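Converting from the sequence shown to our numbering requires adding 6 to each position, the first position being numbered 1.
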Amino acid sequence: MDLSKLTNRAAAVIISDKKMLILQGKDGKWGFPNAVLGDDEKVDNAIINLSKNKLGVDVVPAAEIGSIEKNNGGQGEIVMFIHVNMAGGNVAVSDDYATSKFVAFDEFKTLDLAADEKQFLEVCAEDLKKHLS
Numbered sequence: 007m008d009l010s011k012l013t014n015r016a017a018a019v020i021i022s023d024k025k026m027l028i029l030q031g032k033d034g035k036w037g038f039p040n041a042v043l044g045d046d047e048k049v050d051n052a053i054i055n056l057s058k059n060k061l062g063v064d065v066v067p068a069a070e071i072g073s074i075e076k077n078n079g080g081q082g083e084i085v086m087f088i089h090v091n092m093a094g095g096n097v098a099v100s101d102d103y104a105t106s107k108f109v110a111f112d113e114f115k116t117l118d119l120a121a122d123e124k125q126f127l128e129v130c131a132e133d134l135k136k137h138l139s
């Protein structure tokens, strides 16, 4: 099923050397960079723009890892998690975040994750591990 027409947000699972880029918000929770999609905006374009504008890196979308559905204030929302490969360069952390780091799967699941990442891990852990091998 093509969720791109139904997706409200997309999260970039940026993978380099079998590790994922995660960002720590000012609330102390860890998560993936994510973007709210504009009207008629494609998931790939939102992820590419987010990565370039907020993190200063070029990425190449590779595959959908999975998606979660959630109720956001009475409205349905679908968050699609996309595997992207980083095309080199250092990651810049915008003022929206406290810090960033690359982590392996085992470390990721031990962190204090944001709510969407917790739900994603519960639903898509096996699929995520496949993209890291």
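Beta carbons are placed, not taken as given, at the ideal position from N, Cα and C, and that holds for glycine.
Because the structure is a prediction, the values reported are computed rather than measured.
Residue i vs residue j beta-carbon contact at 9 Å
i	j	result
Leu138	Ala110	yes
Val85	Phe126	yes
Lys25	Pro39	no
Met92	Leu27	yes
Ala41	Val63	no
Gly37	Ala104	no
Pro177	Asp45	Outside the modelled stretch of the chain, which goes from 7 to 139, sits residue 177, for which no answer is possible.
Asp122	Lys76	yes
Glu113	Asn14	no
Lys32	Asp118	no
Alpha-carbon to alpha-carbon, residue j and residue i
i	j	result
Met7	Asp23	The predicted position of Met7 is uncertain, since its pLDDT is 41 and thus under 50; a value taken from the coordinates is nonetheless stated next. Straight-line Cα distance between these residues: approximately 30 Å.
Ile54	Lys48	10 Å
Lys107	Cys130	21 Å
Ser10	Thr116	Unreliable placement is indicated for Ser10, whose pLDDT of 49 sits below 50; no coordinate value is reported for it.
Ala120	Ile21	19 Å
Leu29	Ser100	10 Å
Lys136	Ala69	11 Å
Asn141	Glu128	There is no way to answer for residue 141, as the model of the chain reaches only from 7 to 139.
Leu56	Glu132	26 Å
Identified DSSP bridge partners for residue i
i	result
Asn40	Ala17
Asn91	Ile21, Val66
Lys107	Ile28
For residue j and residue i, believed in contact at Cβ under 8 Å, the rounded distance
i	j	result
Val65	Ala16	In fact, because the Cβ distance is near 12 Å, the residues do not count as touching under 8 Å.
Ile71	Ile88	7 Å
Helix, strand or coil at residue i according to DSSP, with G and I counted as helix
i	result
Glu123	helix
Val97	coil
Ser57	helix
Glu75	strand
Glu113	helix
Glu83	strand
Asp8	In this prediction, Asp8 has a pLDDT of 48, which is less than 50 and means its spatial position is unreliable; nothing more can be read from the coordinates.
Leu138	coil
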